[in-house]
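2 protein chains.
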Amino acid sequence: MAATVGKILVYGGKGALGSTCITSFLSQKFWVGSIDLQQNDFANANILVDRDASLIEQEVSILKSLDSVLGSEKLDAVICVAGGWAGGNSSSADFVKNTDLMLKQSVWSSVLASSIASKYLKPGGILVLTGAKAALATTPGMIGYGLAKASIHQLTKSLADSNGGLPAGAQAYSILPVTLDTPMNRKWMPKADTSTWTPLEFVAELFTKWIKNEERPPNGSLVQLNTKENKTTLEIA
Amino acid sequence: MAATVGKILVYGGKGALGSTCITSFLSQKFWVGSIDLQQNDFANANILVDRDASLIEQEVSILKSLDSVLGSEKLDAVICVAGGWAGGNSSSADFVKNTDLMLKQSVWSSVLASSIASKYLKPGGILVLTGAKAALATTPGMIGYGLAKASIHQLTKSLADSNGGLPAGAQAYSILPVTLDTPMNRKWMPKADTSTWTPLEFVAELFTKWIKNEERPPNGSLVQLNTKENKTTLEIA
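Line by line, the protein sequences are chains A and B. Each residue of the first sequence is one higher than the one before, counting from 1 in the working numbering. Each residue of the second sequence is one higher than the one before, counting from 1001 in the working numbering.
Put into structure tokens, the structure is as follows:
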């Protein structure tokens, strides 16, 4: 087995962004583990989550698997890019159902990733969560999505506090995308102007830099990804 | 049966603040319904929630009960004062469990109250949710609590938008207490300076004024309750 330069865990490793991250990290010679509902065949280890399990059941199952996969080894980064999108305001027939889904997909995964980071991150390692630029303001057309992402933003700030429970010198960030250039978004918004969509490779490369301790933003940053004319710039909040 | 001046639904009607609200509203001749895990004997109607039911099961059950209790009648106010408190940072043994509890107690109840308000609130009625002043900043010592309350703050703003799904002219607020003067807080913090705690009667009277369309803050307000030397003042965010 070739030597690796470090270990990364990707929560949501079978999603579009997660898959791109795993491929990119592997090419940089990192060992990469994936946590997701389905297996990522390229990952060095897979931890599968039962969609129908409670949050606490998911925690117990994941921590047990991590113990056997990692033992006493530590991680350079926990990257949580799990999540999804659902629309609707408070009068939508699916409002409660969609909000439930957003809490499960985004908040549960972020909370579990935070718990994992507190146990397995190396001192000075990073935890990255996924918020949304939209949730910095009101989101009446997608209320469940907005409230879930807003909770992740506040979680990020709490984790960055020296009393937030992460190992010494570890840092917590959230990325706040507008629209990611995923196959699903291409499929469902075929006429959209994709020059304002953020390429997944850009995000993976950004993570790689941070993991290598290059160009890290201040601890607790909410990092907006603003893409215009196919160029992405960062805006720190 | 005596004529009532209007109808109010209190979500969390068996808790300390909810009970005080119900007693206060009844004394003002409102019809008051309670939603909670346990019955409030003074309420005109009780809708009981099964603690172990999923969010979607709770929604189905509550809406079915509301249909039989209210029929085509509408509410002047939906007051959601359900919630709880749990501490811990990301490295706490109970971090995930406590966060789960905070999501259920605070976020689920607020989301269900929002759904109810979209269906049963009169035009110009009010929905009040319960946030927390602490969650306007980082909450490293009580991460689950903070992220749950932060999501309620953002939810409040989305609901106040004209496209948020509430009936025409309805308004959404959150109260942001610091510490409420409840029997539980008296019991667990026996040596605290209670002159900075907000009396439950103050909050009930504040709600009554808003319900009567007196001194309402701007739609979407996060209303901080600042108590000093037994005097409470409001600060709008």
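Using N, Cα and C, we set each Cβ at its ideal position, and we do this for glycine too.
By a beta-carbon distance limit of 8 Å, Lys212/A does not contact Pro167/A. Their separation comes to about 18 Å. For Gln1224/B, the enclosing beta strand (DSSP E) stretches over residues Leu1222 to Lys1228. For Ile1035/B, the beta-bridge partners assigned by DSSP are Tyr1011/B and Ile1047/B. No Cβ-Cβ contact shorter than 7 Å links Ala1082/B with Tyr1173/B. Counted as a single uninterrupted DSSP element, the alpha helix (DSSP H) harbouring Ser1061/B occupies residues Leu1055 to Leu1070. For the stretch 1104 to 1152 of chain B, the continuous beta strand (DSSP E) assignments of 3+ residues that do not extend past its boundaries occur at 1121 to 1130, in sequence order. DSSP places Ala77/A inside the beta strand (DSSP E), whose first and last residues are Leu75 to Cys80. Note on Glu1059/B: 16 or more other CB atoms within 10 angstroms of its CB, so buried under the neighbour-count rule.
Using a CB distance cut-off of 7 Å, Ser1221/B does not count as an interface residue toward chain A. Contact note: Val128/A does not reach chain B at a C-beta cutoff of 8 Å; the least C-beta distance is about 14 Å. Taking a cut-off of 8 Å on C-beta distances, the stretch 1092 to 1100 of chain B does not touch the stretch 1150 to 1159 of chain B, as fewer than three cross pairs fall below it.
In the three-state reduction of the DSSP assignment, Glu215/A falls in the coil class, being assigned neither a helical nor a strand state. The beta-carbon of Asp1100/B is placed less than 7 Å from the nearest beta-carbon of chain A.
Residues of chain B whose Cβ lies closer than 8 Å to the Cβ of Asp94/A do not exist; the shortest such Cβ separation is about 10 Å. Look at Glu1057/B: its C-beta is not under 7 Å from any C-beta on chain A. Along the stretch 131 to 147 of chain A, the positions whose C-beta sits under 8 Å from a C-beta of chain B are Ala135, Ala137, Thr138, Thr139, Pro140, Gly141, Ile143, Gly144, Gly146 and Leu147, read in chain order. Chain order gives the chain B residues near Ser118/A as Ser1090 and Ser1091, where near means a beta carbon separation below 7 Å. Chain B has no Cβ within less than 7 Å of the Cβ of Ala86/A.
With 16 or more other CB atoms across the displayed protein chains lying within 10 angstroms of its CB, Ala1117/B is buried.
Here DSSP, grouped into helix, strand and coil, assigns Gly1169/B to coil. The C-beta of Leu63/A comes no closer than 7 Å to any C-beta of chain B. Val78/A has a beta carbon lying at 7 Å or more from every beta carbon in chain B. In this structure, the beta-carbon distance from Ala16/A to Val32/A does not fall below 7 Å. Annotation: the continuous beta strand (DSSP E) that includes Thr233/A extends over Lys231 to Ile236.
In this structure, Gly220/A sits away from Gly141/A, with a CB-CB distance that is not shorter than 7 Å. Between Thr1232/B and Leu1222/B the beta-carbon gap is near 16 Å, outside 8 Å, which marks them as no contact.
Under a 10 Å Cβ-count criterion, Pro1177/B is classified as buried, with 16 or more other Cβ atoms of the shown protein chains found around its own Cβ.
Of the candidates Thr1198/B, Gln1171/B and Asp1181/B, Gln1171/B places its Cα closest to the Cα of Pro1218/B. By the CB criterion at 7 Å, Phe1030/B and Thr1004/B fall inside the cutoff. Residues of the stretch 105 to 116 of chain A that bring their beta carbon within less than 8 Å of a beta carbon in chain B comprise Val107, Val111, Leu112, Ser114 and Ser115, in sequence order. Residue pairing by DSSP leaves Ser27/A without any beta bridge partner. A straight-line Cα-Cα distance of about 31 Å links Thr208/A and Leu1136/B. Around Leu1009/B, the same chain offers Gly1033, Leu1075 and Val1078 as residues with beta carbons nearer than 6 Å, after the five sequence neighbours per side are excluded. Think of a sphere of 8 Å around the beta carbon of Lys157/A: the chain B residues whose beta carbon falls inside it are Ala1137 and Thr1138, in chain order. Of all residues in the stretch 1150 to 1176 of chain B, those with a C-beta nearer than 8 Å to a C-beta of chain A are Ala1150, Ser1151, Ile1152, His1153, Gln1154, Leu1155, Lys1157, Ser1158, Leu1159, Ala1160, Asp1161, Ser1162, Asn1163, Gly1164, Gly1165 and Leu1166, reading in chain order. Residues of the same chain with a CB within less than 6 Å of the CB of Glu235/A, apart from the 5 flanking positions on each side, are Gln224 and Asn226 in chain order.
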